[in-house]
Amino acid sequence: MIKEIIDFTRAGREYNEDAHYICEDFGFVLDGATGMADKKVSDAPSDANWFSNEWREYLKEALKDKTKTIREILREGIKVVDDKFMAIEGANELSIKPIAPLSLFRINGDEIELYSVGDTSIIVTFTNGKVKQIAKRDVDKIDNINIKRINKIAKEKNLDVLDAMPYMKEHLVNARLLSNIKGGYWSIGDNPEVLDHSIYKNIPLNKVKQIMVLSDGYSQVFDTFKIYTLKEFAKAIEEGVSVKKIYEALYNAQEEDNKANKYPRFKLRDDATIVVMKLETKSLVHS
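Residues in the sequence shown are numbered consecutively from 110, following the numbering used here.
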């Protein structure tokens, strides 16, 4: 039985490229990313915003059909959303189309189905107290190379890290070109091959106490700024610390490091999104 459902999102700038949804059957977070070119073709604030919101509307309905597997639903969605995008004037002229890392869970009978690709993550708290993060995050290795680059440039030019960003544009464009190709990193886009490079798991429903899905902008609270460890973070949510209060602590830490010198990153802050489902447990199940 479901004890509580929580959701929270904040934009990192004037508009939000994350999209999310949670109900009693499923929850998901998408983290839209636009091509590095300045051009956009949709009527949304950005093509990534358009893309993640189109996927949200698709998944909200498609995930209700539990006769279809997650893979089947996503394969159909890739075609549906890409067909819509390519119908927009100018879309066929873009060298890089929007993509979106995606993590989701769905209750199906006595199991919870999990799916993850890109730098969104799932965090499961089991009834035996164990906490596990499920994430693909193959883009991290590329990001880490570029973090080292920007640190080096900042030191050589005696700049703050964020002030060195103009010197990184070529490297970031090159990194974006590695999306959805072998040897690069994978996200939901126009290539169904992503489905062969994703994480799929099924876990028994009665062994789960809490499940969270979050974008990398929110996970900075434990993986970048280390305000909490992963286990402390999961415990705080479980014990009722509000997701807004945790975000405010992250926000303040970002403000204190507003040039990204202590915690190197490519922007002051990213869009931050989290959905949480807490489940009633009759008794602890030990394995």
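Beta carbons: idealized from backbone N, C-alpha and C, even for Gly.
>> What would DSSP say about Glu252, mapped onto helix, strand or coil?
In response: On the sequence shown, residue 252 is found 143 positions in, with the first residue counted as 1. The identity of residue 252 in the sequence shown is Asp, whereas the question assumes Glu. The answer is helix: DSSP assigns Asp252 an H, G or I state.
> Per DSSP, what kind of secondary structure is Glu222 in: helix, strand or coil?
Replying inline: Within the sequence shown, the letter at position 113 stands for residue 222. Three-state DSSP puts Glu222 in a strand.
> With distances taken from CA atoms, which of Val384, Asp272 and Asp152 is nearest Ile114?
Replying inline: Within the sequence shown, residue 114 is the residue found at index 5, counting from 1. The residue with the shortest Cα to Cα distance from Ile114 is Val384.
>> For a test of the three-state rule: what should DSSP assign to Gly144, helix, strand or coil?
In response: As a working mapping, residue 144 is identified with position 35 in the sequence shown. It is coil, neither helix nor strand.
>> Within a Cβ cutoff of 7 angstroms, which residues of the same chain sit near Val394, ignoring the five residues on either side of it in sequence?
In response: Against the sequence shown, residue 394 aligns to sequence position 285. With a pLDDT of only 44 at Val394, under 50, the local geometry of the prediction cannot be trusted, and no value is derived from it.
>> So the candidates are Phe160, Asp219, Gly186 and Asn162; which of them puts its Cα closest to the Cα of Ala311?
In response: Here residue 311 refers to the residue found at position 202 when the sequence shown is read from its first residue. According to the sequence as given, residue 311 is Asn; it is not Ala. Answer by Cα proximity: Asp219.
>> Taking the alpha-carbon of Leu203 as reference, which of Lys148, Lys241 and Trp159 has the nearest alpha-carbon?
In response: Within the sequence shown, numbered from 1, the residue matching residue 203 stands at position 94. Among Lys148, Lys241 and Trp159, the Cα nearest to that of Leu203 is on Lys148.
> With 16 other CB atoms within 10 Å as the buried threshold, where does Met386 fall?
Replying inline: Translated into the one-based positions of the sequence shown, residue 386 becomes position 277. It counts as buried.
> Mapping DSSP to helix, strand and coil, what is Lys387?
Replying inline: For the purposes of this step, residue 387 is taken as residue 278 along the sequence shown, with counting starting at 1. Reduced to three states, the DSSP call for Lys387 is strand.
> Whole-angstrom Cβ separation of Phe135 and Ile216, contact assumed at under 8 angstroms?
Replying inline: In the sequence shown, residue 135 corresponds to position 26, counting from 1. In the sequence shown, residue 216 corresponds to position 107, counting from 1. Indeed, because the Cβ distance is near 7 angstroms, the residues count as touching under 8 angstroms.
> Does the beta-carbon distance from Leu183 to Leu304 come in below 8 angstroms?
Replying inline: Here residue 183 is taken as the residue at index 74 of the sequence shown, counted from 1. Here residue 304 is taken as the residue at index 195 of the sequence shown, counted from 1. Yes, these two residues count as a Cβ contact at 8 angstroms.
> Out of curiosity, what's the CA-to-CA distance linking Lys264 and Met277?
Replying inline: Here residue 264 corresponds to residue number 155 of the sequence shown, with the count starting at 1. Here residue 277 corresponds to residue number 168 of the sequence shown, with the count starting at 1. Taking the straight line from one Cα to the other gives about 14 angstroms.
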